[in-house]
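Chains as they are written, first to last, in our numbering: chain G, 165 to 292; chain B, 38 to 202.
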């Protein structure tokens with residue numbers, strides 16, 4: 165028959181180990197939630213910047229679009245401050261002489277976001 | 038040998054607390070790092086329905102605007118007051134004043150001629166500003182920005198009015 169006494173060191177350690185597993189799992193869950201929320205915030209910021217940049221590229225004169233020295237971001241990128249350090253890239257493809265596909269990219273940490281727009285040569289009519 | 042009925046020895050308590058202490062220290066360090074990182078980020082206002090409705094209404098007013106008067110009645114155009122002359126569904130036009138001067142609130146007042154036709158207010162909002170920006174096409178875009186309580190830029194949207202013949 166077991167004597168009436170306190171817990172042994174092994175019993176206490178096993179109990180603490182179980183408690184540690186429970187706490188670690190809970191914290192890991194919150195960490196994952198925080199990471200996903202941060203990813204969402206990053207994406208929201210990146211796409212605001214991409215959307216603003218696209219407004220510029222929609223209005224760029226057609227003849228200027230594929231000029232090599234023109235292929236940089238033109239909009240104010242203050243909104244991207246929390247993503248620092250980040251890099252931006254503008255890539256222009258010409259599938260036809262009267263078409264340009266502009267792909268805007270923002271890279272930060274190990275992530276990136278793209279937004280593409282297609283421009284057609286409308287002869288300077290102001291339509292896009 | 039029969040073990041004595043007893044409590045823990047000092048050594049047992051110290052070992053147990055030391056192990057748990059190390060574990061807690063690691064956890065607290067990790068969560069503190071998480072909290073520090075979180076503070077870098079502005080509030081994601083796009084998840085707030087009130088902010089969404091303000092932006093949606095403002096976008097439509099600006100897209101359909103044909104002019105942005107410098108002043109109207111007692112209002113003067115400024116980063117805290119956006120005045121647009123905009124077209125409605127029924128083809129009539131109205132002057133809309135977006136008033137951001139009250140912190141946490143946005144007021145939209147629509148006037149037919151000089152008569153107040155409708156007023157709408159949204160509450161619990163970030164601090165909005167509206168400025169203008171020249172586009173490569175020569176058009177003037179409206180730049181809507183909003184900052185959270187810690188003055189971090191959370192919303193930055195360029196809205197360009199549709200061309201009107």
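Just so you know, even glycine gets a beta-carbon here, dropped at the ideal spot from N, CA and C.
In this text, all values refer to a predicted model and were calculated from it rather than measured experimentally.
Any chain B beta carbon closer than 7 Å to residue 223/G:
As a first step, residue 223/G is located in the first chain; it is residue number 59 there, counting from the start. Yes, contact with chain B.
For the stretch 72-160 of chain B, which segments carrying the alpha helix (DSSP H) assignment without a break, of at least 4 residues, lie completely within its bounds, in sequence order?
86-100
Alpha carbon to alpha carbon, how far is residue 56/B from residue 45/B? Give it in angstroms, no decimals.
As a working mapping, residue 45/B is identified with position 8 in the second chain. As a working mapping, residue 56/B is identified with position 19 in the second chain. Residue 45/B and residue 56/B: Cα-Cα distance of roughly 16 Å.
Below 7 Å on C-beta distance, what does residue 235/G contact in chain B?
Position 71 of the first chain holds residue 235/G. Per Cβ cutoff of 7 Å: no residues; residue 235/G is ~14 Å from chain B at best.
Residue 236/G - DSSP class collapsed to helix/strand/coil
The count along the first chain starts at 1 and reaches residue 236/G at position 72. Reduced to three states, the DSSP call for residue 236/G is coil.
For residue 194/B, collect the residues of the same chain with a Cβ closer than 6 Å to its Cβ; drop the 5 residues on either side in sequence, then sort them by chain order.
Translated into the one-based positions of the second chain, residue 194/B becomes position 157. Counting only Cβ-Cβ distances below 6 Å, and skipping sequence neighbours, we find 181.
At a CB distance below 9 Å, what residues from the stretch 152-177 of chain B approach chain G? Give them in sequence order.
170, 172, 173, 174, 175, 176
Verify the CB distance criterion: does residue 149/B have a CB-CB separation below 7 Å to chain G?
Mapped onto the second chain, residue 149/B falls at position 112. With 7 Å as the cut-off, residue 149/B does not count as an interface residue toward chain G.
Report the residues of the stretch 88-106 of chain B with a CB closer than 9 Å to any CB of chain G, ordered along the chain.
none
Could you tell me whether the stretch 133-145 of chain B touches the stretch 162-169 of chain B, where touching means 3 or more Cβ pairs closer than 8 Å?
yes
Note down, in chain order, every chain G residue with its Cβ under 9 Å from the Cβ of residue 57/B.
Within the second chain, residue 57/B is the residue found at index 20, counting from 1. Ordered by position in chain G, the residues that pass the 9 Å Cβ test against residue 57/B are 180, 183, 184.
Simplified DSSP assignment, three categories, for residue 229/G
Taking the first chain and counting its residues from 1, one reaches residue 229/G at position 65. DSSP, read as helix, strand or coil, puts residue 229/G in coil.
From the beta carbon of residue 70/B, is the nearest beta carbon of chain G less than 7 Å away?
Along the second chain, read from residue 1 onward, the residue named residue 70/B stands at position 33. Chain G, which has no Cβ nearer than 7 Å to the Cβ of residue 70/B, makes this no.
Using 8 Å as the threshold, is the stretch 271-288 of chain G in touch with the stretch 247-262 of chain G, meaning 3 or more CB pairs across them?
Flag = yes, the stretch 271-288 of chain G and the stretch 247-262 of chain G touch.
Taking CB distances under 7 Å as the criterion, tell me whether residue 81/B reaches chain G.
Position 44 of the second chain holds residue 81/B. For residue 81/B, the nearest CB of chain G lies under 7 Å from its own CB, placing it at the interface with that chain.
So residue 53/B contacts chain G; which residues on that side make the cut at Cβ distance below 8 Å?
The residue you call residue 53/B lines up with position 16 of the second chain. Within chain G, the residues near residue 53/B are 173, 176, 177, 180.
Check whether chain G comes within 7 Å of residue 195/B, counting only Cβ atoms and requiring the distance to be less than that.
As a first step, residue 195/B must be located in the second chain, where it is residue number 158. Yes, because at least one Cβ of chain G sits closer than 7 Å to the Cβ of residue 195/B.
Meets three-Cβ-pair contact criterion under 8 Å: the stretch 235-243 of chain G and the stretch 173-188 of chain G:
Look at the beta carbons and you see the stretch 235-243 of chain G not touching the stretch 173-188 of chain G: under three pairs across the two are nearer than 8 Å.
CB of residue 256/G within 7 Å of CB of residue 221/G, strictly:
Residue 256/G sits at position 92 when you count from the first residue of the first chain. Residue 221/G sits at position 57 when you count from the first residue of the first chain. For residue 256/G and residue 221/G, no; Cβs fall outside 7 Å.
Give a yes or no on contact between the stretch 152-159 of chain B and the stretch 58-76 of chain B, applying the rule of three or more CB pairs nearer than 8 Å.
no
Cβ-based neighbour list, residue 141/B, same chain, cut-off 7 Å, excluding 5 preceding and 5 following
Here residue 141/B is taken as the residue at index 104 of the second chain, counted from 1. Only 160, 161, 162 meet the Cβ criterion.
Residues of chain G with CB closer than 7 Å to the CB of residue 45/B, please, in chain order.
What you label residue 45/B is simply residue 8 of the second chain in a count that begins at 1. The contacting residues are 170.
Figure out for me which residue from 231/G, 218/G, 183/G, 206/G has the closest Cα to the Cα of residue 250/G.
Position 86 of the first chain, counted from the first residue, corresponds to residue 250/G. Checked all of 231/G, 218/G, 183/G, 206/G; the closest Cα to residue 250/G is 206/G.
Inter-stretch contact at 8 Å, needing at least 3 Cβ pairs: the stretch 118-135 of chain B / the stretch 96-103 of chain B
yes
What residue does the beta strand (DSSP E) around residue 187/B start on, and which one ends it?
Looking up residue 187/B in the second chain gives position 150. Boundaries cannot be given for residue 187/B, as no beta strand (DSSP E) includes it and DSSP labels it neither H nor E.
Leaving aside the five residues before and after residue 169/B along the sequence, list all residues of the same chain whose C-beta is less than 8 Å from its C-beta, in chain order.
As a position in the second chain, residue 169/B is number 132, starting the count at 1. Same-chain partners within the cutoff: 105, 177, 178, 179, 180.
Hey, residue 143/B and residue 80/B are a contact pair by Cβ (cut 8 Å); roughly how many whole angstroms apart?
Taking the first residue of the second chain as position 1, residue 143/B is located at position 106. Taking the first residue of the second chain as position 1, residue 80/B is located at position 43. Not really, about 16 Å apart at Cβ, beyond 8 Å.
Between the Cα of residue 279/G and those of 213/G, 239/G, 232/G, 223/G, spot the shortest distance and give me the residue it belongs to.
As a working mapping, residue 279/G is identified with position 115 in the first chain. Checking every option, the nearest Cα to that of residue 279/G belongs to 213/G.
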